[in-house]
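K.L.:
Numbering follows my numbering, with no gaps: position 15 of the sequence shown is 5.
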Amino acid sequence: MPQVRNAQQATSVALAFLGRYYYFVQPKGAKKTNGAWEVKADVGLTKEIVATVQIDATTGEITSYEFPVKPQKR
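#1: From Tyr11 to Pro17, what distance separates their C-alpha atoms?
#2: Can you check which of these residues, Thr48, Val29 and Gly50, is closest to Val40 by C-alpha distance?
#3: In the DSSP assignment, the alpha helix (DSSP H) including Ala124 goes from what residue to what residue?
#4: DSSP state of Thr36, grouped into three classes?
#5: State the Cα-Cα distance for the pair Glu51 and Ile45, rounded to the nearest angstrom.
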């Protein structure tokens, strides 16, 4: 994966990943800390449920993620 240079690229990577598990994904924000992007997205259809994805800024790899509820593979 290419280097992730800005919040827009980080959000795109995270939304593509979360889209495999959730039908509804709405970005909430992205911030870069210590060479990694943290992207938060709302995955709740009727109420706000926030999932978090960590992305290495240098490699573009997803290093960790946190799903607030168990997702169903689409």
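Backbone N, C-alpha and C define an ideal beta-carbon position, used for all residues, glycine too.
P.N.:
Looking at the atomic coordinates:
#1: Taking the CA atoms as reference points, Tyr11 sits about 15 Å from Pro17.
#2: Per the Cα distances, Val29.
#3: The question about residue 124 has no answer here: the residues shown for the chain are numbered -9 through 64.
#4: coil
#5: So the two alpha carbons sit approximately 6 Å from each other.
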